[in-house]
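For the sequence shown, the UniProt record's numbering begins at 118 and goes up steadily by one.
Note that the Cβ used here is the ideal one computed from N, Cα and C, for glycine as well.
Report on one structure; see the data block that follows.
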Amino acid sequence: PHLHTLLSVADFEAVAQKKFTGKTFAFYSSAATDLISHRDNLESFRNLLLRPRVLRNVKDVSISRRILGYESSAPFFVSPAAMAKLAHPDGELAIARACAEDNVIQIISTNASYPLQDIVAAGRPGQTFFLQLYVNSERRKTEQLLIKARKLGIRAIFVTVDAPIPGKREADERISAEKFVSAMSGAIAINDKKGGGLGRVMAQYIDSSLNWEDLTWIRRVSGLPIVLKGVQTAADAKLAAQHGCEGILLSNHGGRSLDTVQPAILTLMEIHKECPEILNKLEIYVDGGIRRGTDILKALALGATAVGVGRPYLYSLAYGQEGVQHLTESSEVLKDELVSTLKLSGITDANQAHPGMNTITENDYS
Ligand code: FNR
């Protein structure tokens with residue numbers, strides 16, 4: 118279908134399912150074991166109801182945000198995802214170019230299909246990029262990557278903490294495929310006796326001994342702000358604040374790591390209940406299941422600075438850079454849905470979102 122006929126994230130997903138190889142779609146869409154957390158991520162937003170106010174002059178609306186101090190035209194960013202080249206030859210380069218056009222922040226995966234310098238060079242000078250980090254058991258390799266990141270002007274390190282080992286993604290396991298190489302981490306995915314689990318084979322280098330003490334080392338070597346990606350409890354959110362992290366991305370890895378865990382939005386509610394003070398100490402982001410403008414507003418209303426969007430951006434690569442831009446900006450997708458959501462909710466700035474805008478099925482935080 119022509120790109121301009123695509124109106125929603127779901128439309129992009131449908132095209133991706135038809136256009137991508139079975140292996141690529143399985144790798145992108147899959148989640149751990151029974152897919153319970155993946156489904157719950159989507160459900161969690163459906164279970165929140167918005168409470169619009171009326172007669173508030175919503176003619177002009179602003180959705181721009183500062184994320185870790187960096188200007189973003191929207192309160193959402195591209196969550197890091199491995200191997201974008203499977204979707205399109207330009208892979209992460211196309212995302213970088215689209216983000217440059219739209220002033221949206223891209224978080225680059227350690228398992229990107231292109232080298233870090235190529236992705237940064239594809240953008241415009243001064244463009245904001247963050248780097249997602251998987252620590253290599255050969256820590257010297259991680260040090261080299263962090264030093265490179267600093268030299269290239271990367272602005273923050275998102276340390277993934279919810280995947281010391283890869284999750285069991287059976288749809289990915291069941292389809293064997295060609296050899297894939299991440300030019301960035303050097304990880305190679307090849308078929309083995311079990312099948313072709315791209316995620317599992319690529320993750321072999323990840324250091325599962327990583328712990329809280331290592332954050333000092335990551336900070337020292339990179340000299341950059343640290344955000345923990347994959348925090349799933351208020352207890353760990355508190356620890357992140359105590360360890361001086363600049364932010365936390367509440368996430369369950371799109372349901373791809375441990376199955377039957379809580380969706381990020383519930384972790385955010387847990388933080389409201391148990392340690393609301395940390396909302397003033399660090400920035401909190403949410404990802405997993407963000408598919409509509411209403412999902413974004415619900416997270417912002419509960420105090421998230423921004424949200425991450427994962428699979429939808431991979432799906433949008435079916436149309437290369439143009440597809441990525443269409444998903445971000447165009448007439449009916451993310452930015453446009455968010456603007457409409459704000460107006461229909463009676464607010465004119467994303468900063469006016471507040472907990473009272475949501476009704477939660479059991480708990481009301483208003
Ligand atoms: C991911 N994700 C991920 N996260 C990470 O920290 N490093 C990585 O390399 C990857 N790779 C990756 C590949 C693919 C194919 C997917 C779908 C996801 C997780 C990603 O950053 C994010 O947390 C989820 O994708 C968010 O959920 P939604 O938006 O996909 O529902």
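Quick check on DSSP: helix, strand or coil for residue 480? Per-residue confidence for residue 480 stands at a pLDDT of 47, beneath the threshold of 50, marking its modelled position as unreliable; the derived number appears in the next sentence. Note: residue 480 maps to coil in three-state DSSP.
May I ask whether a heavy atom of the ligand FNR can be found less than 8 Å away from the beta carbon of residue 431? Because some heavy atom of the ligand FNR lies under 8 Å away, the Cβ of residue 431 counts as near it: yes.
Who are the Cβ neighbours of residue 446 in its own chain at under 7 Å, not counting the five residues just before and after it? Take residue 446, set aside five residues on each side of it, and the residues of its chain with a beta-carbon closer than 7 Å to its own are 219 and 452, in chain order.
Between the alpha carbons of residue 396 and residue 161, how many angstroms are there, rounded? Going from the Cα of residue 396 to the Cα of residue 161 covers about 21 Å.
Secondary structure at residue 449, three-state DSSP: helix, strand or coil? Three-state result, residue 449: coil.
Nearest-angstrom Cα separation, counted from residue 335 out to residue 252: If you draw a straight line from the Cα of residue 252 to the Cα of residue 335, it is about 9 Å long.
C-alpha distance - residue 287 paired with residue 225, whole-angstrom precision: Computed Cα separation, rounded: 25 Å.
Are there any heavy atoms of the ligand FNR lying less than 8 Å away from the beta-carbon of residue 109, as far as the coordinates show? Since the first residue shown for the chain is 118 and the last is 483, residue 109 is missing from the structure and cannot be characterised.
Are the region 351 to 365 and the region 382 to 392 in contact at 8 Å, needing three or more beta carbon pairs? Output reads yes: the region 382 to 392 touches the region 351 to 365.
Within 10 angstroms of its Cβ, does residue 479 collect 16 or more other Cβ (buried), or is it exposed? Residue confidence is low: residue 479 scores 49 on pLDDT, short of 50, so the model does not pin down where it sits. Its coordinate-derived value is still stated next. Under this definition residue 479 is an exposed residue.
Taking Cβ positions, are residue 384 and residue 166 nearer each other than 9 Å? Contact: no.
So, at 7 Å on beta carbons, what are the nonlocal neighbours of residue 312 in its own chain, with the 5 sequence-adjacent residues on each side left out? Around residue 312, the same chain offers 290, 291 and 293 as residues with beta carbons nearer than 7 Å, after the five sequence neighbours per side are excluded.
Where the beta carbon is closer than 5 Å to any heavy atom of the ligand FNR, which residues qualify, in chain order? Residues with a Cβ closer than 5 Å to any heavy atom of the ligand FNR, in chain order: 145, 196, 197, 198, 199, 226, 228, 249, 277, 368, 370, 371, 404, 405, 406, 427 and 428.
Report the partner residues of residue 179 according to the DSSP bridge assignment. 466.
Please list the terminal residues of the continuous beta strand (DSSP E) segment that includes residue 425. According to the DSSP assignment, residue 425 belongs to the beta strand (DSSP E) that extends over 423 to 426.
Once you ignore the five residues that flank residue 266 on each side, which residues in its own chain have a CB closer than 8 Å to its CB? Taken in chain order, the residues that qualify are 233, 248, 274, 339 and 341.
Under 9 Å between C-beta atoms of residue 221 and residue 195: With respect to the 9 Å criterion, residue 221 and residue 195 are classified as neighbours on the basis of their beta carbons.
Quick one: is residue 188 buried, meaning 16 or more other Cβ sit within 10 Å of its Cβ, or exposed? By the 10 Å Cβ count, residue 188 comes out exposed.
Run through DSSP, which three-state label would residue 430 get? It is helical.
To the nearest whole angstrom, what separates the beta carbons of residue 403 and residue 416, a pair I think is in contact under 8 Å? 4 Å between Cβ atoms; contact.
What are the partner residues of residue 401, as DSSP defines its beta bridges? Beta-bridge pairing links residue 401 to 365.
From the DSSP output, read off the bridge partner residues of residue 277. 346.
DSSP state of residue 153 mapped onto helix, strand, coil: Helix, per DSSP.
Using CA atoms only, rank isn't needed, just tell me which of 329, 153 and 217 is closest to residue 239. With distances taken between Cα atoms, residue 239 lies closest to 217.
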